[in-house]
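J.: Below: one structure in structure tokens.
In our numbering, the protein residues as written are 7 to 154.
This is how it looks when you write it as structure tokens:
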């Protein structure tokens, strides 16, 4: 017996592909009367010096501030009466933070974009969507972005 979908987690990296996934999640949420939680995960840039690794607090603060602002704008853009939309901001490796957040909020579904990388770029960058599909505590719906 499947449980009802009440919480939909939507990882968002501010790309067109993520927008396509968000549109699908919002449509599902409206039909199912579910809540949508838009998540953005960012990594702090680090600089490697001979004997240390440095990520300046000022730079991390600027990145966090910009991400908070972008998430607030995104929420404002998609909010409609009768639709519950929340945002979440996490610092860390995207696929890991998505799984952690899905578990933490009790997500019933993750809806996320996939960039469809192939070959060397996929080998070098990896597929966040693939890792989430393999490790998430709930079903994952992947959405292809606009054709390039």
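Where is the CB? At the ideal position from N, CA and C, for every residue including glycine.
Given residue 22, which residues of its chain have a CB within under 6 Å of its CB, disregarding the five upstream and five downstream residues?
T.: The residue you call residue 22 lines up with position 16 of the chain shown. Cβ neighbours of residue 22 beyond the five flanking positions: 151, 152.
J.: Looking at residue 82: is its Cβ nearer than 8 Å to the Cβ of residue 40?
T.: As a first step, residue 82 must be located in the chain shown, where it is residue number 76. As a first step, residue 40 must be located in the chain shown, where it is residue number 34. No, the pair does not count as a contact, with Cβ atoms beyond the cut-off.
J.: Could you spell out where the alpha helix (DSSP H) holding residue 104 opens and where it closes?
T.: Here residue 104 corresponds to residue number 98 of the chain shown, with the count starting at 1. Run containing residue 104: 100-111, per the alpha helix (DSSP H) assignment.
J.: When you compare only the Cα positions, how much space is there between residue 51 and residue 69?
T.: Taking the chain shown and counting its residues from 1, one reaches residue 51 at position 45. Taking the chain shown and counting its residues from 1, one reaches residue 69 at position 63. Cα to Cα, residue 51 sits roughly 9 Å from residue 69.
J.: Could you tell me the distance, in whole angstroms, from the CA atom of residue 36 to the CA atom of residue 18?
T.: Position 30 of the chain shown, counted from the first residue, corresponds to residue 36. Position 12 of the chain shown, counted from the first residue, corresponds to residue 18. Whole-angstrom Cα-Cα distance: 19 Å.
J.: What are the boundary residues of the alpha helix (DSSP H) that residue 23 is part of?
T.: Counting from 1 along the chain shown, the entry for residue 23 is found at position 17. Element bounds for residue 23: 22-38.
J.: How should residue 72 be labelled, buried or exposed, when 16 other C-beta atoms within 10 angstroms of its C-beta is the threshold for buried?
T.: Translated into the one-based positions of the chain shown, residue 72 becomes position 66. Residue 72 should be labelled exposed.
J.: Locate the beta strand (DSSP E) running through residue 47, then write down its first and last residues.
T.: On the chain shown, position 41 is the one that residue 47 refers to. Counting along the chain, the beta strand (DSSP E) containing residue 47 begins and ends at 41-48.
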